[in-house]
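In what follows, a structure is listed as structure tokens, so that the remarks can point back to it.
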């Protein structure tokens, strides 16, 4: 979650909670019995629906989508262009120890396939399988939170029924009525808040981050295949920028020029140390290849 989103969430929650405080009876919205009814019902339904390992994994996925900053498609494109030029200058084996691969485990997997001399169809098959199972795992986590969002209001209503039954049983006793009325109403509030403020947004965020990650993985797949075919870097650039929005495409050609310039300067350094008699053939060939 970026800083703007976090600031928006904090301000919105302060306003939300403040609206309850403005009534002057904030303590009335806290009821342990109502909370226990909703939470205990949710936990029971959760454990009846999913194994504990899946529950733990779903919460871990939710945490990672909020806490771990995702790599942008623009960064992926820049990295792939850099790797494309590097593979032509230093050879494919040099990609194994490239520090840029750390931005994505999927990219690291693709580079290892290149280093291991996988063919184009083998690279596509391997990475497509990895993408499919990544999507499946994320869908399972998303479905878990959607189930919780659908179930929470039901247990809120169950708490209301319990409160109403207690109220009717003590219809002639004012103390009993006052004790059960909060349970009857507040449990419904708890169920709605848990559903629409907690579980539904988490499920939607998992869905959004999954779509963004799959786009990045598709970028990596096309980039790795192009590198394996030693495709011209400018052709690769035109292919990869088609994945980006119009606002993200600006300056990509200039970025590729800077990358090429970096590797050309790297090649010039050892030639300068040898002297003017050094053959320029290596520099010329490598520059044209990049």
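In the UniProt record's numbering, the protein residues as written are 1 to 290.
Every residue, glycine too, gets a C-beta built ideally from N, C-alpha and C.
query, result
"Buried or exposed by the 16-neighbour rule on C-beta atoms within 10 Å, applied to residue 222", "buried"
"Whole-angstrom distance between residue 38 and residue 12, CA atom to CA atom", "24 Å"
"Spatial distance of residue 192 from residue 232 (CA atoms)", "56 Å"
"Selection from 244, 49, 20 that minimises the alpha carbon distance to residue 143", "49"
"Contact the segment 210–222 vs the segment 162–169: 3+ CB pairs below 8 Å", "no"
"C-beta contact flag for residue 84 and residue 152 at 7 Å", "no"
"6 Å Cβ shell around residue 22 - same chain, five flanking residues per side excluded", "none"
"Candidates 109, 108, 149, 182: closest to residue 31 by CA position", "182"
"Cα-Cα separation, residue 74 to residue 248", "7 Å"
"8 Å contact criterion, which residue 132 and residue 203 should meet: CB distance rounded", "Rounded, the Cβ-Cβ distance is 21 Å, inconsistent with contact."
"Residue span of the alpha helix (DSSP H) that contains residue 41, given as start and end", "32–49"
"Cβ neighbours of residue 35 in the same chain (closer than 7 Å, five flanking residues each side left out)", "190"
"Beta carbon of residue 107 nearer than 7 Å to that of residue 225", "no"
"Own chain, CB closer than 8 Å to residue 205, minus 5 neighbours either side, in chain order", "62, 65, 66"
"Residue 229 - DSSP class collapsed to helix/strand/coil", "coil"
"Buried versus exposed call for residue 4 [16 or more other C-beta atoms within 10 Å across all chains shown]", "exposed"
"Alpha-carbon to alpha-carbon, residue 236 and residue 289", "Confidence in residue 289 is poor, its pLDDT being 49 and thus under 50, which makes the residue's placement unreliable; the coordinate value appears in the next sentence. Rounded to the nearest angstrom, the two C-alpha atoms are 13 Å apart."
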